[in-house]
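Asks: Everything in the sequence shown is counted per the working numbering, starting at 24 for the first residue and increasing by one.
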Amino acid sequence: MKPSILLVIIAFFVSSCAELGQISREIAKSGMLSEQQIANGLQQALSKGVKEQVSKLTEENGFYNNALVRIGLPEELSTIESTMRSFGLDNLADQGIKALNETAQEAVKEATPIFLSAIQDMSFEDARQIVLGDKTAATAYLRERTRTELYQKFKPIVQENFQKVGADQIWDNLITQYNQIPFTDKVNPNLTDYVTNEALQGVYKMIELEEIQIRNDLNERSTELMRRVFALQD
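1) Below 8 Å on the Cβ atoms is my contact criterion, and I expect Y223 with Y174 to pass it. Report the Cβ-Cβ distance as a whole number of Å.
2) From the DSSP output, in three-state form, read off E167 for me.
3) Between which two residues does the alpha helix (DSSP H) harbouring Q67 extend?
4) Hey, how far is the Cα of T159 from the Cα of I180?
5) Do E234 and T162 have their C-beta atoms within less than 8 Å of each other?
6) Classify A90: buried if its beta carbon has 16 or more other beta carbons within 10 angstroms, exposed otherwise.
7) Between which two residues does the alpha helix (DSSP H) holding A222 run?
8) From what residue to what residue does the alpha helix (DSSP H) around Q152 run?
9) Taking just the CA atoms, how far does F138 sit from A150?
10) May I ask you to report which of helix, strand or coil DSSP gives Q76?
11) Ordered along the chain, which non-local residues of its own chain (more than five positions away) have a Cβ less than 6 Å from that of F185?
12) Name the residue from I94, E167, D117 and S70 whose alpha carbon lies nearest to the alpha carbon of T219.
13) Given this structure, state the Cα-to-Cα distance separating K79 from G85, to the nearest angstrom.
14) Confirm, please, whether the CB-CB distance from L255 to L96 is below 8 Å.
15) From Q182 to K176, what does the alpha carbon distance come to, in whole angstroms?
16) Please tell me whether K132 and T81 are closer than 8 Å, where the distance is taken between their beta carbons.
17) Please tell me whether V92 and T135 are closer than 8 Å, where the distance is taken between their beta carbons.
18) Quick one: is S38 buried, meaning 16 or more other Cβ sit within 10 Å of its Cβ, or exposed?
19) Please name the residue in E148, K71, I204 and E231 whose C-alpha comes closest to that of S258.
20) Let me make sure I understand the geometry here. Which of N114, N63, R166 and L65 has the alpha-carbon closest to that of Y265?
21) If you draw a straight line from the alpha carbon of M249 to that of L65, how long is it in whole angstroms?
22) Looking at the unbroken alpha helix (DSSP H) that takes in V252, where does it start and where does it end?
23) Give me the Cβ distance between I198 and A68, rounded to the nearest whole Å; I'm assuming they're in contact under 8 Å.
24) Please state whether DSSP places D195 in a helix, a strand or coil.
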């Protein structure tokens, strides 16, 4: 055999070994995770997001003191707040806005177990694609798959808690006084739908923040399985 041919064969063999070595390292890195393990790891991460982030929204003033999710008045009612404040009714306007946030706070407190249950319905293939997806793939998946169901669960809770936290009386009083101001357009808003959607948006926002942290910060991966699963995306 000519030396040149022998060198080509050796070079090819070395190159193939290098590729096989790379493949072996990738397999070792993934730890040959099963589909069930990938799904379980992602479910752990999402459950962590709910327990550590969404739970903050259920604390006293959880929405009101969180600038990321604080609920203000809907755009079409923004003139109410500015008008009330211009007439020296700052306290009443503040009470009205705080009542909206307290209502969302109570709704999330009651509905969080439903959200955790929805996490368990994720398929193995969904979990694999999410782990290897962009930094908010899990949150986007949950928003798409659960928003309609969660809205139906949240809305009656919001409606019930309008009475529980006294938001209905506060807003009746606020709107009554606003409608007595000369030269203003009379309003009679139903805020249940608005607060329900804002509460849902707050839930997804907090889960999204936790997902980004888990993907970017190794220290946020609090279990061995989470570390192995999210190593697939690193």
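Every residue gets a Cβ at the ideal spot worked out from N, C-alpha and C, and that includes glycine.
Replies: Working from what's here:
1) In the sequence shown, the residue the question calls residue 223 occupies position 200. In the sequence shown, the residue the question calls residue 174 occupies position 151. Reading the sequence as shown, one finds Leu at residue 223 and not Tyr. At roughly 6 Å, the Cβ-Cβ gap stays under 8 Å, so L223 and Y174 are in contact.
2) Sequence index remark: in the sequence shown, residue 167 carries index 144 (1-based). Helix, per DSSP.
3) Locating residue 67 in the sequence shown gives position 44, where the first residue counts as 1. E58 to G72 is the span of the alpha helix (DSSP H), which, as asked, contains Q67.
4) Within the sequence shown, numbered from 1, the residue matching residue 159 stands at position 136. Within the sequence shown, numbered from 1, the residue matching residue 180 stands at position 157. In a straight line, the C-alpha of T159 is about 28 Å away from that of I180.
5) The count along the sequence shown starts at 1 and reaches residue 234 at position 211. The count along the sequence shown starts at 1 and reaches residue 162 at position 139. It is a contact, given that the beta carbons lie within the stated cut-off.
6) Along the sequence shown, read from residue 1 onward, the residue named residue 90 stands at position 67. Classification of A90: exposed, given that the 10 Å Cβ count is below 16.
7) Residue 222 sits at position 199 when you count from the first residue of the sequence shown. Residues T215 to N239.
8) Residue 152 sits at position 129 when you count from the first residue of the sequence shown. Element bounds for Q152: F147 to V154.
9) The residue you call residue 150 lines up with position 127 of the sequence shown. The residue you call residue 138 lines up with position 115 of the sequence shown. Each residue's Cα considered, the two are about 17 Å apart.
10) If you number the sequence shown from 1, residue 76 lands on position 53. Three-state DSSP puts Q76 in a helix.
11) Numbered from its first residue, the sequence shown carries residue 185 at position 162. So the qualifying residues of the chain are T126 and D191.
12) Numbered from its first residue, the sequence shown carries residue 219 at position 196. Checking every option, the nearest Cα to that of T219 belongs to I94.
13) What you label residue 79 is simply residue 56 of the sequence shown in a count that begins at 1. What you label residue 85 is simply residue 62 of the sequence shown in a count that begins at 1. Rounded to the nearest angstrom, the two C-alpha atoms are 6 Å apart.
14) Numbered from 1 along the sequence shown, position 73 holds the residue referred to as residue 96. Numbered from 1 along the sequence shown, position 232 holds the residue referred to as residue 255. No, they are not a contact pair.
15) Walking along the sequence shown from the start, residue 182 turns up at place 159. Walking along the sequence shown from the start, residue 176 turns up at place 153. Cα-Cα distance, rounded: 11 Å.
16) Counted from its first residue, the sequence shown places residue 132 at position 109. Counted from its first residue, the sequence shown places residue 81 at position 58. Closer than 8 Å, so yes.
17) Counting from one through the sequence shown, the residue named residue 92 turns up at place 69. Counting from one through the sequence shown, the residue named residue 135 turns up at place 112. The answer is no: Cβ separation not under 8 Å.
18) Indexing the sequence shown from 1 puts residue 38 at position 15. Because S38 carries a pLDDT of 39, less than 50, the predicted location of this residue cannot be relied on, and no value is offered for it.
19) Outside the displayed range of the chain (24 to 257) lies residue 258, so it cannot be described from this structure.
20) One cannot answer for residue 265 here, as it falls past the ends of the chain, which runs 24 to 257.
21) Sequence index remark: in the sequence shown, residue 249 carries index 226 (1-based). Sequence index remark: in the sequence shown, residue 65 carries index 42 (1-based). Answer to the nearest angstrom: the Cα atoms are 7 Å apart.
22) As a position in the sequence shown, residue 252 is number 229, starting the count at 1. Here the alpha helix (DSSP H) through V252 covers E247 to F253.
23) Within the sequence shown, numbered from 1, the residue matching residue 198 stands at position 175. Within the sequence shown, numbered from 1, the residue matching residue 68 stands at position 45. 43 Å between Cβ atoms; not a contact.
24) Within the sequence shown, numbered from 1, the residue matching residue 195 stands at position 172. Helix at D195.
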